[in-house]
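Residue numbers (full-length UniProt numbering), protein chains in the order written: chain A, 1 to 183; chain B, 1 to 205.
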């Protein structure tokens with residue numbers, strides 16, 4: 001069992017990214033992990049964008065992140081990269097906030113043309129924050145996601161690929177907790 | 001000739017800020033080089049720090065406040081843009097990215113842009129090439145070949161290969177892209193009265 005924190009960077013109140021993360025969280029809970037979701041949108045935006053790391057809600061996220069084993073970093077793709085909102089939270093974390101952690105990057109976007117944003121935009125930032133292992137990420141096309149009151153429905157092939165990436169992340173976390181218990 | 005318009009977007013979080021200082025040095029270099037070619041330039045500095053709350057509110061409401069809208073319009077209507085950000089976690093700052101997130105996708109199409117950044121060490125210089133340049137490429141801007149990175153130790157250097165040299169070279173590249181371009185200044189737009197437009201369409205008798 002590992003502790004996981006999921007950061008989602010969509011500014012939208014009806015966010016696909018968030019709905020997809022809830023779906024992913026259910027999968028991870030089923031595999032014995034504890035997971036908490038942090039929509040960056042719920043943090044005070046003025047403090048985020050003016051760089052106030054002492055704001056209590058933001059400081060609480062930094063504390064939760066420090067004690068987590070795995071981090072999910074999810075964002076819609078804006079201008080071929082992660083959202084500015086997500087980045088404004090990352091900017092307020094300690095320089096090596098991801099030191100020793102396993103990180104899963106996830107993106108949602110409207111065009112397959114932006115799949116590489118995971119590897120050229122998300123990954124360098126996560127690595128620079130000291131992440132020990134940034135596992136395979138996944139880019140989910142908006143058109144394959146349907147939202148309803150009951151949650152989210154993802155087109156079958158895309159869902160299978162997403163969940164296989166999530167399972168890979170889960171497996172790395174399980175291996176680490178087993179290793180930690182054995183040592 | 002109508003003066004060219006230059007929008008300078010700067011994302012420093014402190015006051016005074018080295019990001020603003022770099023923006024000012026670049027602006028001065030561009031203005032001087034344009035003046036050498038006999039061109040006047042109107043500069044508009046956009047301090048994103050002062051717009052942080054407006055940008056945040058735009059996320060919630062979906063539309064910009066009048067103050068933010070005026071700055072977005074200034075960038076959209078400018079002949080050229082200088083964009084300067086501090087580098088955090090090997091990339092542009094969240095505030096910098098948030099401003100461009102709310103800017104229209106077509107606002108920078110074909111527009112000459114000079115990109116620059118400040119950082120504590122030279123280790124993150126390449127953020128300009130792997131983070132800023134791709135974002136402006138997505139926005140179809142014409143980014144000058146020399147991107148200017150200033151780390152803490154650069155500020156004292158006066159050598160021609162150092163920061164001053166890079167500023168002069170980048171400013172020269174932006175000036176070259178602007179030379180010969182007429183200003184897009186709205187003052188020159190002339191509205192042809194409807195009667196005249198109609199008359200032009202009528203067959204000559």
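Using N, Cα and C, we set each Cβ at its ideal position, and we do this for glycine too.
**Report entry** Helix, strand or coil at residue 30 (chain A) according to DSSP, with G and I counted as helix
**Finding:** helix
Report task. Please compile the residues from chain B whose C-beta is within a distance smaller than 8 angstroms of the C-beta of residue 121 (chain A). Result -> Contact of residue 121 (chain A) with chain B by beta-carbon distance below 8 angstroms involves 91, 131 and 134.
Report task. Check distances from the C-beta atoms of the region 60-78 of chain A to those of chain B and list, in chain order, the residues that come in under 9 angstroms. Result -> 78
Query raised in the report: Of all Cβ atoms in chain B, is any one closer than 9 angstroms to the Cβ of residue 25 (chain A)?
Result: no
Query raised in the report: Is any beta-carbon of chain A found at less than 9 angstroms from that of residue 188 (chain B)?
Result: Model confidence at residue 188 (chain B) stands at a pLDDT of 42, short of 50, so the residue's coordinates are unreliable and nothing is read from them.
Query raised in the report: Counting Cβ pairs, one atom from each stretch, are 3 or more of them under 8 angstroms apart for the region 42-53 of chain B and the region 2-14 of chain A?
Result: no
Report task. Could you round the C-beta distance between residue 101 (chain A) and residue 58 (chain A) to whole angstroms and report it? I think they count as a contact, below 8 angstroms. Result -> Not confirmed; about 19 angstroms, so no contact.
Query - Secondary structure, alpha helix (DSSP H): runs of 4+ residues fully inside the UniProt domain "NADPH-dependent FMN reductase-like" (3-143) of chain A - result: 16-30, 45-49, 56-66, 84-92 and 123-128
Query raised in the report: Mind checking whether residue 75 (chain A) and residue 112 (chain A) have CB atoms under 9 angstroms apart?
Result: Contact: no.
**Report entry** Cut-off 6 angstroms between Cβ atoms - residues of its own chain near residue 85 (chain B), not counting five sequence neighbours on either side
**Finding:** The beta carbon of residue 85 (chain B) lies closer than 6 angstroms to those of 11, 92, 93, 96 and 117 in the same chain, with the five residues before and after it left out.
Query raised in the report: Quick one: Cα of residue 179 (chain A) to Cα of residue 165 (chain A), how far?
Result: 21 angstroms
Query raised in the report: Thinking C-beta only, is residue 29 (chain A) closer than 9 angstroms to residue 167 (chain A)?
Result: no
**Report entry** residue 144 (chain B) - DSSP class collapsed to helix/strand/coil
**Finding:** coil
Query raised in the report: Can you list the residues of chain B that residue 125 (chain A) reaches, using a CB-CB cut of under 7 angstroms?
Result: 89, 90 and 91
Query raised in the report: Which residue's Cα is closest to the Cα of residue 68 (chain B): B:57, B:77 and B:78?
Result: B:57
Query raised in the report: Is the Cβ-Cβ distance between residue 143 (chain B) and residue 22 (chain B) less than 9 angstroms?
Result: Cβ atoms of residue 143 (chain B) and residue 22 (chain B): not closer than 9 angstroms.
Query raised in the report: Can you tell which of A:116, A:127 and A:77 has the C-alpha that lies nearest to the C-alpha of residue 9 (chain A)?
Result: A:77
Report task. Examine chain B for any beta-carbon lying closer than 9 angstroms to the beta-carbon of residue 167 (chain A), and answer yes or no. Result -> Judged by the 9 angstroms Cβ criterion, residue 167 (chain A) is not in contact with chain B.
Query raised in the report: Rounded to a whole number of angstroms, what is the C-alpha to C-alpha distance between residue 166 (chain B) and residue 172 (chain A)?
Result: 45 angstroms
Query raised in the report: Mapping DSSP to helix, strand and coil, what is residue 117 (chain B)?
Result: If DSSP states are grouped into helix, strand and coil, residue 117 (chain B) belongs with the strands.
Query raised in the report: What's the gap between the Cα of residue 14 (chain B) and the Cα of residue 77 (chain B)?
Result: 28 angstroms
**Report entry** Cut-off 7 angstroms between Cβ atoms - residues of its own chain near residue 124 (chain B), not counting five sequence neighbours on either side
**Finding:** 87 and 90
Query raised in the report: Between residue 114 (chain A) and residue 80 (chain A), what straight-line distance do the alpha-carbon atoms span, to the nearest angstrom?
Result: 6 angstroms
Query - CB contact below 9 angstroms: residue 53 (chain B) versus chain A - result: yes
Query raised in the report: Between the C-alpha atoms of residue 89 (chain A) and residue 32 (chain A), what's the straight-line distance to the nearest angstrom?
Result: Cα to Cα, residue 89 (chain A) sits roughly 28 angstroms from residue 32 (chain A).
Report task. Give the secondary structure of residue 66 (chain B) by DSSP, where H, G and I count as helix, E and B as strand, and everything else as coil. Result -> helix
Query - Partner residues on chain A for residue 110 (chain B), Cβ-Cβ distance less than 7 angstroms - result: Ordered by position in chain A, no residue passes the 7 angstroms Cβ test against residue 110 (chain B), which lies about 17 angstroms from the chain.
**Report entry** Among B:159, B:126, B:66 and B:176, the one whose alpha carbon lies nearest that of residue 36 (chain B)
**Finding:** B:176
Report task. Taking all protein chains shown into account, decide if residue 62 (chain B) is buried (16 or more other Cβ within 10 angstroms of its Cβ) or exposed. Result -> exposed
Report task. Would you mind telling me which residues of chain A sit closer than 9 angstroms to residue 100 (chain B), beta carbon to beta carbon, in chain order? Result -> 78, 79 and 84
**Report entry** chain A contact for residue 140 (chain B) (CB, 9 angstroms cutoff)
**Finding:** Not flagged as an interface residue toward chain A: residue 140 (chain B), since no C-beta distance is shorter than 9 angstroms.
Query raised in the report: Residue range of the alpha helix (DSSP H) that residue 159 (chain A) falls in?
Result: 156-182
**Report entry** Residues near residue 111 (chain B) in its chain [Cβ-Cβ closer than 8 angstroms; skip 5 each side]
**Finding:** 78, 79, 80, 81, 141 and 142
Requested in this report: Identify whether residue 159 (chain B) lies in helix, strand or coil by the three-state DSSP scheme.
Outcome: In the displayed model, residue 159 (chain B) falls within coil according to three-state DSSP, outside both helix and strand.
Query raised in the report: Does DSSP put residue 112 (chain B) in a helix, a strand or coil?
Result: In this structure, residue 112 (chain B) counts as strand in the three-state DSSP scheme.
Query raised in the report: Would you say residue 164 (chain A) faces chain B, with C-beta separation under 9 angstroms as the test?
Result: no
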